[in-house]
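Notes to accompany the following structure.
Number of protein chains: 2
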Amino acid sequence: MNELIQLKSAGLKSTLPRLKVLSLFESGNDRHLSAEDVYRKLLASGDDVGLATVYRVLNQFEQAGLLVKHHFEGDKSVFELNQGEHHDHIVCLQCGRVEEFYDATIELRQKKAAAERGFAVHDHSLYIYANCIKPKCQYKS
Amino acid sequence: MNELIQLKSAGLKSTLPRLKVLSLFESGNDRHLSAEDVYRKLLASGDDVGLATVYRVLNQFEQAGLLVKHHFEGDKSVFELNQGEHHDHIVCLQCGRVEEFYDATIELRQKKAAAERGFAVHDHSLYIYANCIKPKCQYKS
DNA sequence: TTACAAATGAGAATGATTAGCATTAGCAAC
DNA sequence: GTTGCTAATGCTAATCATTCTCATTTGTAA
Ligand SMILES: [Mn+2]
Ligand SMILES: [Mn+2]
Ligand SMILES: [Zn+2]
Ligand SMILES: [Zn+2]
Chain W
1 MNELIQLKSA GLKSTLPRLK VLSLFESGND RHLSAEDVYR KLLASGDDVG
51 LATVYRVLNQ FEQAGLLVKH HFEGDKSVFE LNQGEHHDHI VCLQCGRVEE
101 FYDATIELRQ KKAAAERGFA VHDHSLYIYA NCIKPKCQYK S
Chain H
1001 MNELIQLKSA GLKSTLPRLK VLSLFESGND RHLSAEDVYR KLLASGDDVG
1051 LATVYRVLNQ FEQAGLLVKH HFEGDKSVFE LNQGEHHDHI VCLQCGRVEE
1101 FYDATIELRQ KKAAAERGFA VHDHSLYIYA NCIKPKCQYK S
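Now the structure itself:
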């Protein structure tokens, strides 16, 4: 029911597909989901939505600040709940596990590097591609 | 003529399209080029190559370590000469200017962040999206 | 030269994402 | 509760970058 309020606050009409998508992200089972992931999960739980609608809703949510979009290596982009605090990502190249981290020093030195060269930072993306150290890595995908 | 040797050393047969592409990057006019950029530039200088060949050659060059591929914000990927030293990028969101930088502290703290979480770093990508501070920015694109 | 595998080029195919448009569903005013 | 209008949805077709297919051409080593 909380989702209804969130949508209103974001200036979005409360529709069934939007509630479903938002609930999925707030269920917290997976933080990082692609459009295709969301689509499949909704179908699996018996909720019928169109893929085009999923794409539209995800982008609207990003614009509204409810979600953040990332471009991990590969083609498809992934979304996660925007919970206020920025963080960067470590992605396992073998099993796909995603770990989040925040390093104040890195953030600071980025700003400095940009300033020194005559840029005002708008945004940045930092992805570390790595391998889980055994035996944590399940070599899934 | 130097390019011929580079190709051989990389284990690649010395063909006309490959020589053209490599020369273009070594001419140094633009460091960061997309496949489409390369294609257009070759056509413009009267060299007839197929777009498919450009894509193939760029990827071979990347595999061979002659080029590095980047995924700046947006759809198309860009390539640059691999000159040994790793660096990260600042991209102007207004004029598209790309500036390179290297920060040892950032590199170090990335490794540390990964190690602390049970990852062995394979690779990383750091892009800072920013705006040129006037009046350097030409607001081109 | 010859011979043959490797490379090229033109166009079809792919895969993620978006656009177009007829149909449906929120929601505010009766 | 109905009505009515706009915004949202869900197909499908279109985009766009990139890859694949395959017939033709080239580099190269004998
Ligand atoms: Mn995250
Ligand atoms: Mn560079
Ligand atoms: Zn792993
Ligand atoms: Zn600029």
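For the record, the sequence lines run as chains W and H.
Start counting the first sequence at 1; every next residue gets the next number (my numbering).
Start counting the second sequence at 1001; every next residue gets the next number (my numbering).
Here a beta-carbon is modelled for each residue, glycine too, at the ideal position from N, C-alpha and C.
Values in this document were obtained by computation on a predicted structure and should not be read as measured data.
Under 9 Å between C-beta atoms of residue i and residue j
i, j, result
"W/H32", "W/E73", "no"
"H/E1099", "W/R117", "yes"
"W/V121", "H/A1130", "yes"
"H/C1095", "W/F119", "no"
"W/A64", "W/L16", "no"
"W/Q6", "W/L66", "yes"
Residue i classed as buried or exposed, judged by whether at least 16 other C-beta atoms fall within 10 angstroms
i, result
"H/H1124", "buried"
"W/A35", "buried"
"W/I106", "buried"
"W/Q110", "buried"
"H/A1044", "exposed"
"H/D1088", "buried"
"H/S1127", "One point to set straight first is that residue 1127 of chain H is Tyr, not Ser, in the sequence displayed. Under this definition H/Y1127 is a buried residue."
"W/A113", "buried"
"W/I90", "buried"
"H/L1108", "exposed"
"H/S1141", "Because H/S1141 carries a pLDDT of 44, less than 50, the predicted location of this residue cannot be relied on, and no value is offered for it."
Secondary structure of residue i, DSSP reduced to three states
i, result
"W/Y102", "coil"
"H/S1027", "helix"
"W/A130", "strand"
"W/D123", "strand"
"H/L1033", "strand"
"W/V21", "helix"
"W/S9", "helix"
"H/R1117", "coil"
"H/V1049", "coil"
"H/S1141", "Low confidence applies to H/S1141: its pLDDT is 44, below 50, so where it sits in the model is not reliable enough to give any reading."
"H/E1003", "helix"
Beta-carbon separation (whole angstroms), residue i vs residue j, contact threshold 8 Å
i, j, result
"W/N82", "W/V68", "5 Å"
"W/H86", "W/V78", "Contact flag wrong, Cβ pair sits at about 16 Å."
"W/K20", "W/D47", "5 Å"
"W/S23", "W/E3", "6 Å"
"H/V1057", "H/R1018", "5 Å"
List in chain order: all unbroken beta strand (DSSP E) runs of 3+ residues lying wholly within the stretch 52–100 of chain W. 67–70, 78–81 and 88–92
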